[in-house]
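Sequential numbering of the sequence shown, starting at 53, is according to my numbering. For glycine and all other residues, C-beta sits at the position ideal for the given N, C-alpha and C. Notes follow the structure.
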Amino acid sequence: MSKVFIGLEIHIELKTNSKMFCRCRADYFGKLPNSHVCPVCLGLPGALPFPNQKAIEQVITTGLALNCQMTNFSKFDRKNYFYPDLPKGYQISQYDLPLCQRGEFQGVRVRRVHLEEDTGKLFHETVGSEKVTLIDFNRSGVPLMEIVTEPDLRSPTQTKDFLKNLQQLVRSLKVADADMEKGQMRCEPTVNLEIEEKGKKYYTPLVEIKNINSFRFAEKAIEYEIQRQQAEFSQSRIEKQPGNKTTRGWDQKKQQTVLQREKEEAADYRYFPEPDIPPIRLAKDQIERIKKQLPELPEAKIEKLKKMGLSDYQAKLLSKTDTDIQILEEGVRIGERVKVKIAPSKIADLIINKKVKTAKEIIDKLSVEKPKMKEEELLLAIDKTIEDNPSVVEQFKKGKTTVVEFLVGQVMAKTKGQADPQKVREILHEKLKSS
Numbered sequence: 053m054s055k056v057f058i059g060l061e062i063h064i065e066l067k068t069n070s071k072m073f074c075r076c077r078a079d080y081f082g083k084l085p086n087s088h089v090c091p092v093c094l095g096l097p098g099a100l101p102f103p104n105q106k107a108i109e110q111v112i113t114t115g116l117a118l119n120c121q122m123t124n125f126s127k128f129d130r131k132n133y134f135y136p137d138l139p140k141g142y143q144i145s146q147y148d149l150p151l152c153q154r155g156e157f158q159g160v161r162v163r164r165v166h167l168e169e170d171t172g173k174l175f176h177e178t179v180g181s182e183k184v185t186l187i188d189f190n191r192s193g194v195p196l197m198e199i200v201t202e203p204d205l206r207s208p209t210q211t212k213d214f215l216k217n218l219q220q221l222v223r224s225l226k227v228a229d230a231d232m233e234k235g236q237m238r239c240e241p242t243v244n245l246e247i248e249e250k251g252k253k254y255y256t257p258l259v260e261i262k263n264i265n266s267f268r269f270a271e272k273a274i275e276y277e278i279q280r281q282q283a284e285f286s287q288s289r290i291e292k293q294p295g296n297k298t299t300r301g302w303d304q305k306k307q308q309t310v311l312q313r314e315k316e317e318a319a320d321y322r323y324f325p326e327p328d329i330p331p332i333r334l335a336k337d338q339i340e341r342i343k344k345q346l347p348e349l350p351e352a353k354i355e356k357l358k359k360m361g362l363s364d365y366q367a368k369l370l371s372k373t374d375t376d377i378q379i380l381e382e383g384v385r386i387g388e389r390v391k392v393k394i395a396p397s398k399i400a401d402l403i404i405n406k407k408v409k410t411a412k413e414i415i416d417k418l419s420v421e422k423p424k425m426k427e428e429e430l431l432l433a434i435d436k437t438i439e440d441n442p443s444v445v446e447q448f449k450k451g452k453t454t455v456v457e458f459l460v461g462q463v464m465a466k467t468k469g470q471a472d473p474q475k476v477r478e479i480l481h482e483k484l485k486s487s
């Protein structure tokens, strides 16, 4: 019997016009290599950094949304290590006094949220017959927010959902685009197991996984690592000890994690305060001002939509885009003005199925008279749909209730759109629960 512990280090590039410690443009993606650089982000002697105030406020905004405690005194530190994409030989980061700490998001404790600068990017190429490594420093110095969680996640699926919801959160805050495919959001899970045998508990060594650039890869990498650690422990019996944490990279082609190196501890980086940047002092009124400017958060949007009569599935889909919510709310208001009662769930179906692009189109779509179905015809269509989709029904019985939306779509197709989607949904729920 084993228990899984998963903690996350998540790096998110902030949405600022300029870099963290200079005035070079931060929109590096797709640009000519080394075209957005200056003496500061190239680490040239004598070039002095100056912090980006907007980036600091964006981290505070995120920390507040993650229910973190705000510090009124923070500072930047030098994280010393050598790598070709780090031109200064150190990274400006935060060590013992992060901007935000001790938060919570969706039942997972957030240890800290801090600010640092991104590194350059390496490209491994072949020129002629010779293999070379090229460096693009356009990304060097871009503001990077790091969110560190406690090891409170218990499964690969929960981790994937947590990352998706965090992405939606930072997008709703407008602090980041967080596109994983573009490298704007990167996650490094740390995984280990508690294995119980004959009443005694054993803990496997910590493993940090790198090279993850999608939610699916994160789920796959953790699934593999759990199996690998179980197999390794049964053979080696090696337990978690100080200094035996390792780093492994996810190899998508081989569908496995590959050993990279032993993981460095904080002492290996020889952190010390950044001498060229004064400490940061945050006033209470500054934090309160940012708090008052927080937009409606995704969880609050979902609850509001469900109170309007939308299903959980509909609410989660519509909550991702403010424009869709605006169309829904405006559609309801238009219906009230013209004295046409329109169920919000019907409007939601139109928006989700991309049948309307503006609120004005809703009345036209819903006011078209459709031949009414007889009750027995509708029930026959529903029964036939359930009979034709046994695997979907089985998923519903196992707790995946969102699959009912697939069945609603099948019934609507069988009835050529004549059925009321909300009524179909209700009948399906009743039949599936009683079967």
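Within 10 angstroms of the beta-carbon of Pro97 lie fewer than 16 other beta-carbons, which makes it exposed.
Per DSSP, the continuous beta strand (DSSP E) segment holding Val179 begins and ends at 173-179. Contact between the region 245-253 and the region 116-136 is not established, with fewer than three Cβ pairs separated by less than 8 Å. Rounded to the nearest whole angstrom, the C-alpha separation of Leu480 and Glu429 is 14 Å. Counting only the Cα atoms, Phe175 lies some 20 Å from Val310.
Taking one beta carbon from each stretch, the region 75-86 and the region 208-222 have fewer than 3 pairs nearer than 8 Å; the two do not touch. In this structure Lys262 is not in contact with Asn190, their Cβ atoms being roughly 22 Å apart against a cut-off of 8 Å. The straight-line gap separating the alpha-carbon atoms of Gln378 and Thr178 is approximately 51 Å.
Under the three-state reduction of DSSP output, Met197 falls in the strand class. Within the model, the alpha-carbon separation for Asp303 versus Glu233 is close to 16 Å.
When the five nearest sequence neighbours on each side are left out, the beta carbons in the same chain lying within less than 6 Å of the beta carbon of Ile404 are those of Leu369, in order along the chain.
In this structure, the CA atom of Gln279 is about 22 Å from the CA atom of Glu202. Here the alpha carbon of Lys372 sits roughly 7 Å from the alpha carbon of Gln220. The C-alpha of Gln110 is placed about 17 Å away from the C-alpha of Phe125. Taking C-beta atoms as the reference points, Val56 and Leu245 count as a pair closer than 8 Å. Beta-bridge annotation (DSSP): Cys152 is paired with Met122, Val165.
Here DSSP, grouped into helix, strand and coil, assigns Phe81 to coil. Taking the Cα positions, Leu196 is about 21 Å away from Lys212. A contact is defined here as three or more CB-CB pairs under 8 Å, and the region 112-128 meets this definition with respect to the region 147-160. Around Ser266, the same chain offers Met232 as residues with beta carbons nearer than 6 Å, after the five sequence neighbours per side are excluded.
Shown here, Gly383 sits in a helix according to DSSP, grouped into three states. By the neighbour-count definition (other C-beta atoms within 10 Å, threshold 16), Asn104 is a buried residue. In this structure, the alpha-carbon of Thr123 lies about 20 Å from that of Glu169. Sequence-distant Cβ neighbours of Lys417 in its own chain, meaning closer than 7 Å and more than five residues away, are Leu402, Lys407, Val408.
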